[in-house]
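Be aware that the sequence shown starts at 1, since it is given in UniProt numbering, and climbs by one per residue. We put the beta carbon where it would ideally sit given N, CA and C, even for glycine. Contents: one structure, followed by commentary.
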Amino acid sequence: MADDRFEVRAVTAADIPAIRRLNMVALPIQVADHIYREALQVAGAPSWVAVHHASGAIAGAILVHQDVDTRVCIRTLAVDVRHRGQGLGLRLVTQTLEAAAGHITYLHVQVDNTDAIALYKRAGFLVQERLTNYYRRVACPDCFIMLHNAQQSG
């Protein structure tokens, strides 16, 4: 059941400063500027924000990038700590998957980020591969590549 306290809508350029602030406190890595720019350029599978109706504040955001015509990468997913555990992360991922129907959807996640891995598995992603030393300047530099199970082969 959808939480009526939040509206999920496509990201606009006006949202980027608030998303940047959210990502700075919610994510273990710094997000490069080009990821914000590229998130605004995806036509077929847009990035999304969850906006709290009462305050107008962005409570969560998912940024995606379309690598090629058939591949969509979830670049970041962040939910404000005050709104975690309310299904917003899963709602944003589900919205992304619905918008990206027909595309191969994948992501990278730190191997020690068990909460995120569990959320992605609930959304139908499966671990495909482990990359060593993928991230720089973090305690856990390894990541998993996860692929949405609608795109699994055989």
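Under the three-state DSSP convention, the category D4 falls into: Shown here, D4 sits in coil according to DSSP, grouped into three states, outside any helix or strand.
CB of L63 within 8 Å of CB of V93, strictly: Taking 8 Å as the Cβ cut-off, L63 and V93 do not qualify as a contacting pair.
Which of helix, strand or coil DSSP assigns to L90: helix
Contained alpha helix (DSSP H) runs [length at least 4] in the stretch 65-152, N- to C-terminal order: Annotation: the stretch 65-152 contains the following complete segments of the alpha helix (DSSP H) (minimum length 4 residues), in chain order: 88-99, 114-122.
Own chain residues within Cβ distance below 7 Å of A45, not counting five before or after: Within the same chain, V64, Q66, V72, T96, A99, A100, H103 come within 7 Å of A45 by CB-CB distance, once the 5 residues on both sides are set aside.
DSSP three-state assignment for L22, whether helix, strand or coil: Per DSSP, reduced to three states, the secondary structure at L22 is helical.
Pairwise C-alpha distance: R75 and N129: Looking at the sequence provided, one finds Glu at residue 129 rather than Asn. C-alpha separation (whole angstroms): 17 Å.
H34 burial status per 10 Å Cβ neighbour count (16 or more: buried): By the beta-carbon neighbour count (other beta carbons within 10 angstroms, threshold 16), H34 is exposed.
Counted within 10 angstroms of its Cβ, other Cβ atoms place N23 as buried (16 or more) or exposed: buried
Contact check, D115 vs C140, beta carbons under 8 Å: no
Contact check, A39 vs V11, beta carbons under 8 Å: Yes.
Three-way DSSP call (helix, strand, coil) for A34 in this model: Sequence check: residue 34 is His here, not Ala. H34: helix per DSSP, three-state reduction.
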